[in-house]
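Q: Can you read through this structure? Questions will come right after.
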Amino acid sequence: MYITRRVHFNAAHKLYNPAWSKEKNEEVFGKCANENWHGHNYVLYVTVKGEIDPETGYVTDAKALHELIQRKILDQVDHRNLNLDVPFMKGKICSTENFAKAIWEQLAPEIRQGKLHCVKLYETENIYVEYFGD
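At position 60 of the sequence shown (counting the first as 1) the number is 60 in the UniProt record's numbering, and the numbers step up by one without a gap.
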């Protein structure tokens, strides 16, 4: 059985590899390497899998899952600059792929009922990534 919680947030970032020149970053990342940043209206889906608890009827407590996502992710990233303001993104290229993996790493150890199955992160309505762990 699977249960999914959907949340949305806004954040700014830029794609930039500090080992490269400005020109190479612009060549590879285009306008996403803009020195003045750019933002997205992200949509995050967090899916937990497990057996249904016969005493509660839950795979996991949806309220507890929402509170975990709020505390570990939304409070850290909403209306923030991913490159500058988010400790779990420090030292990483802020691609959607790296961001989804970092979100997984924040949530997976904290899931108490069931097991984290998938982090799906929409950067725009046309592009998203899914991460299922290593």
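Where a beta carbon is used, it is the ideal one built from N, C-alpha and C, also for glycine.
Note that the structure is a prediction, hence the values are computed from the model and not measured.
1. Hey, could you find the ends of the beta strand (DSSP E) HIS66 is sitting in?
2. For the beta strand (DSSP E) that GLU26 lies in, which residues bound it at each end?
3. Who does TYR2 pair with in a DSSP beta bridge?
4. In chain order, which beta strand (DSSP E) runs of at least 3 residues are fully inside the segment 51-131?
5. Closest by CA to THR96, which one among TYR122, VAL86, GLN76, GLY114?
A: Let's see:
1. Position 66 of the sequence shown holds residue 66. Per DSSP, HIS66 belongs to no beta strand (DSSP E); it is in the alpha helix (DSSP H), 62-69.
2. Here residue 26 is taken as the residue at index 26 of the sequence shown, counted from 1. Unbroken run through GLU26 is the alpha helix (DSSP H), 22-29; no beta strand (DSSP E).
3. In the sequence shown, counting from the first residue as 1, residue 2 sits at position 2. Answer by DSSP bridge pairing, in chain order: LYS49.
4. 115-124, 127-131
5. Within the sequence shown, numbered from 1, the residue matching residue 96 stands at position 96. Checked all of TYR122, VAL86, GLN76, GLY114; the closest Cα to THR96 is TYR122.
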